[in-house]
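Chains as they are written, first to last, in this note's numbering: chain E, 18 to 314; chain R, 140 to 301; chain D, 322 to 1044.
Here it is in structure tokens:
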């Protein structure tokens, strides 16, 4: 039960929303799908004077393809795109299949029908599926703030800590862009939860590209083990420059990556067990991504 | 309570227009149950986990406990009471035929979630697909096996359209 | 029956009721685990807009008799025994005002040292939960000379087993609406027993039972936690009397976890002895339960009724005890003590079979009970058929894992058996033929989801000869219903069903007499089939025609109370088979296939009986794999009192479940079913995990981390190069 009253605003344009955010600053919260904010309000963990519901701004809902300055195909999804939209969209499934698969595995149907990508990124839970996937996918987060000032932040630089990111109080996520996954690519998302629909204890995403039987590119991210989801650049590099490129020893490399993670106590599982989970999921995920990419010959 | 915490909310519920003044803090669930008089959606956990409060919001199942009534302004809401009059809905009949309920408290939410799933384009009409779609609806009586059968049967007989 | 109402959302549960001028109530609870309330400042609450009344332990001294077994428990207590103990309540015009009001009440406590575990409660000089000590009297039971029997054993297995505290968590949170008309009280309750609830309220409030009316039309599950008057029923009634207005008490989900009892945890030491050929000779059980600060009215803890009632055993000795702690109350939950006891005994049996190198199925066939408690004749015993038919349907031989732990996943199969009491007892029913030709059954039963209403209709239909469509069942209101013990202890079919059968049979006789009067043919030459009165197979007239001649409803009442002959015992039996897949790295367990074979006597309604089996298996899977009520070691409070953190079984975990019924011909008819379906599940799954991985789990739940630790332990145990 929400006990503290607030003023509810439902702007219909981005400008109007930005004006409200800039007027009320820290005393305001953006409401999108509400799958995190409403529970926080009901637990009376968040008390705020103004709620700015952005769901009536049509520009924030769209899914489309475009080309970046270098001519590469990019997928752009509006901040209000719901998880179930990502899951069902033919465009998303074809252009960035890891995104569609990630969305399909979030929470449960009712959460997916309501939760949005902008909301999930802005909430910045370090174990959230979409936050972790966005890092592996090199997503770019496009924001706009008071006065119409726009900027683009790479997902890898967006998250700053548990439930914290680089957005300012008067800034709004407008859309998120993802490079389309090219041919010869394979992806994998593996997660471990204690209950169906729970936030993951550990979640791992991998995206691999194989050309001529050799690993040409790989991106690996992990969520749930630190203050933010992490990209595992060392492991990626090790896989790419393995002594015998035909058969990189995935288990050893991902095992090393897992043992170098800083893992803190979690009330749900012990740190050593969490590290074991990380090692297992990393190995399985990387192997699956490479396998789906056609495998290394 | 001053007027600025109140908002006029106009929406369609089970085909009929509704307009009421809601406290901005009220959930859609409490509003439907207390103000509109529809007690089909149940309050099982009030935290978006059990799914007993599920309703169709513009055709998709959502937890009415996890949204504010004011968020429903301008929306089309369908509760279990609006699905089929006198149990003519095939999905409801299929739940009855397969004994897919015991205490019945979760049943409105189960049927709403199943309806949303069957209506979604490209739904995976297999037992696995149903398990994914209904994983947010807890049945403590443990009727899951029969629920899967009931939804499968409704899917086979044409998506359970009334 | 009632399925249409449930499926269309028109079924009215307690919280769905509304009354004009109704107030909402919230409880005020203790913030300290052990102590005394010295002072309560109500002013914050009284000053909250919308608050109408605040009642505290200093205003009302009602005793809630059903709230504790051995001691007097005050409804609002100043002697608090756990974080969450009720010290008062607030009634307000809105839910929000009630919430705010309850939060604005300030209590000052004198705090005592507290105890949160069995060990600390048993320690010398331990803090006292109750003045007369922390141990609830022990039950001792046995037969034969145990030491002599152990002396004759060539294999002796000993083990310690633990089951975690779990919670009923029926989906409908507690709700109760009460109002007074003069000195008459009406309570719309969410109870499993309208008469138990009525009598409890009358006793606690000191008013005649005739002045209390209890209505429960639909009940969103209970699994044992609403069998008598509950504190929220009393709180609603007391606030309604104080304010002169209807009062609704609604519990939140977190209130449920803290303020409504769950299943007690257990710690059991077992010793089992067998001879060389694998015959069980001796069994010893010592069980301790953490029963929290209060334990609801229950029979003894029943651990001694466990294994010895489903095994033949030359000598048995058992004792069990409850230990009070400053933690939330415990009480009835579907088969109280059953799954805890079965988990320990069916695990140690499996360990013995392994030690002896005997197939666990053969071990059970060899040792299963033939003569109850070594001396009593069983009225019927289908356990052997349960084992054989279950194993056949399951594919026992093929699914047993003979190999070692695989790199990523391993599968294995386990079996467990159980017995459960199937008592006989009092039932009352009235069955009548109305003037429009319908059969009306009136009982005091509440259908909490077991299909009892349908079952009663089926019994009435069969015994009157009327089609099921012509049968109505009226119930759920103490006004107009005959007495019933309510739905608990798996006895509805056995107790009330027997009365419905008797009344229906008598009614058929009355209808035939009337038909005889019309047709002139002797009643003995008439029969009723499918609503028609037949003579020598030919339809003479419809029962409706008989009904038309009636001046008023034709009513037959029956009160039945069959008793077991001396020296006999009546038990239901089950043999459960589970196949699991274990992730050798993460330790995650998935149940793939499950076969549950049951002897519950003749099954009246196989559709709803099958559903009971499904439900018990799913609930047992929760206890085995995910459910555990976590108690703080800092203040004894519940740490995971929400569905987000207390993980109930989900549709995704649903295995392929098959129910098999061995319709034994018990002389007293149907035997119990609802509870035993859950009893062997954790043991069957644990035994399957052992078969898959070689890891023996002696503690529930089998969390992935515990399973993974077990597998790691096995790996490091094995010789270098062995794998």
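Glycine included, C-beta positions come from ideal geometry on N, C-alpha and C.
Neighbouring residues, chain E, relative to residue i (Cβ below 9 Å)
i: residue 968 of chain D; result: 211, 212, 213, 215
i: residue 163 of chain R; result: 19, 22, 23, 24, 25, 68
Contacts around residue i, its chain only, beta-carbon distance under 6 Å, and the 5 residues preceding and following it disregarded
i: residue 400 of chain D; result: 357
i: residue 53 of chain E; result: 140
i: residue 1040 of chain D; result: Since pLDDT at residue 1040 of chain D reaches only 46, below the 50 mark, its modelled position is unreliable, and no value is offered.
i: residue 569 of chain D; result: 343, 345, 498
i: residue 691 of chain D; result: 633
i: residue 159 of chain E; result: 169, 191, 192
DSSP bridge partner residues for residue i (one or two, in chain order)
i: residue 739 of chain D; result: D/895
i: residue 732 of chain D; result: D/902
i: residue 392 of chain D; result: For residue 392 of chain D, which the question treats as bridged, DSSP gives no partner whatsoever.
i: residue 169 of chain E; result: E/159
i: residue 854 of chain D; result: D/849, D/862
i: residue 982 of chain D; result: D/919
i: residue 40 of chain E; result: Bridge partners of residue 40 of chain E: none, in fact.
i: residue 607 of chain D; result: D/590, D/640
i: residue 316 of chain E; result: Residue 316 of chain E lies beyond the range of chain E shown here (18 to 314); nothing can be said about it.
i: residue 500 of chain D; result: D/507
Where residue i falls: helix, strand or coil (DSSP)
i: residue 934 of chain D; result: helix
i: residue 140 of chain E; result: helix
i: residue 81 of chain E; result: strand
i: residue 678 of chain D; result: coil
i: residue 158 of chain R; result: strand
i: residue 1040 of chain D; result: Any reading at residue 1040 of chain D is ruled out, since the residue's pLDDT is 46, under 50, leaving its predicted position unreliable.
i: residue 247 of chain E; result: strand
i: residue 968 of chain D; result: coil
Cβ neighbours of residue i in the same chain (closer than 7 Å, five flanking residues each side left out)
i: residue 562 of chain D; result: 501
i: residue 307 of chain E; result: 203, 225, 227, 232, 313
i: residue 597 of chain D; result: 475
i: residue 456 of chain D; result: 642, 644
Neighbour list for residue i in chain R, Cβ cutoff strictly below 8 Å
i: residue 332 of chain D; result: 243
i: residue 975 of chain D; result: 270, 283, 284, 287
i: residue 542 of chain D; result: 241, 242, 244, 279, 280
Cβ-based neighbour list, residue i, same chain, cut-off 8 Å, excluding 5 preceding and 5 following
i: residue 732 of chain D; result: 720, 722, 900, 901, 902, 903, 913, 1013
i: residue 126 of chain E; result: 101
i: residue 981 of chain D; result: 707, 710, 711, 714, 916, 917, 918, 919
i: residue 238 of chain R; result: 282, 285
Partner residues on chain R for residue i, Cβ-Cβ distance less than 9 Å
i: residue 74 of chain E; result: The contacting residues do not exist; residue 74 of chain E stays about 13 Å from chain R at best.
i: residue 56 of chain E; result: 186, 187, 205
Within chain E, partners of residue i - CB distance below 8 Å
i: residue 210 of chain R; result: 48, 51, 70, 72
i: residue 947 of chain D; result: 211, 212
i: residue 971 of chain D; result: 212, 213, 214
Under 7 Å by beta carbon: chain D residues contacting residue i
i: residue 297 of chain E; result: 906, 907
i: residue 104 of chain R; result: Because chain R spans 140 through 301 in this model, residue 104 of chain R falls outside it and cannot be assessed.
i: residue 302 of chain R; result: Within the shown structure, residues of chain R are numbered from 140 to 301, placing residue 302 of chain R beyond reach of any answer.
Beta carbon proximity, residue i to chain B, threshold 8 Å
i: residue 697 of chain D; result: You won't find chain B in this structure, because its protein chains are E, R and D.
Cross-chain neighbours of residue i in chain R, by beta carbon under 7 Å
i: residue 919 of chain D; result: The contacting residues do not exist; residue 919 of chain D stays about 15 Å from chain R at best.
Within chain D, partners of residue i - CB distance below 9 Å
i: residue 278 of chain E; result: The contacting residues do not exist; residue 278 of chain E stays about 17 Å from chain D at best.
i: residue 193 of chain E; result: Correct list: empty, because the minimum Cβ distance to chain D is about 27 Å.
Contacts that residue i makes with chain D (C-beta to C-beta distance below 8 Å)
i: residue 306 of chain R; result: Since the first residue shown for chain R is 140 and the last is 301, residue 306 of chain R is missing from the structure and cannot be characterised.
If the cut-off is 9 Å on Cβ atoms, which residues from the segment 88–112 of chain E count as contacting chain D, listed in chain order?
Residues: none.
What are the residues of the segment 393–417 of chain D that lie near chain E, defined by any Cβ-Cβ distance shorter than 8 Å?
For the segment 393–417 of chain D, the beta-carbon criterion of a distance under 8 Å to any beta-carbon of chain E is satisfied by 416, 417.
Contact set between the segment 270–288 of chain R and chain D, restricted to residues whose Cβ is under 8 Å from the partner
Of all residues in the segment 270–288 of chain R, those with a C-beta nearer than 8 Å to a C-beta of chain D are 270, 271, 273, 274, 276, 277, 278, 279, 280, 281, 282, 283, 284, 285, 286, 287, reading in chain order.
Along the segment 113–145 of chain E, what residues have a CB closer than 8 Å to any CB found in chain R?
Within the segment 113–145 of chain E, the qualifying residues are 121, 124, 125, 126, 127, 128, 130, 131.
The segment 141–156 of chain R: positions lying closer than 7 Å to chain E by Cβ
Within the segment 141–156 of chain R, the residues whose Cβ lies closer than 7 Å to some Cβ of chain E are 143, 144, 146, listed in chain order.
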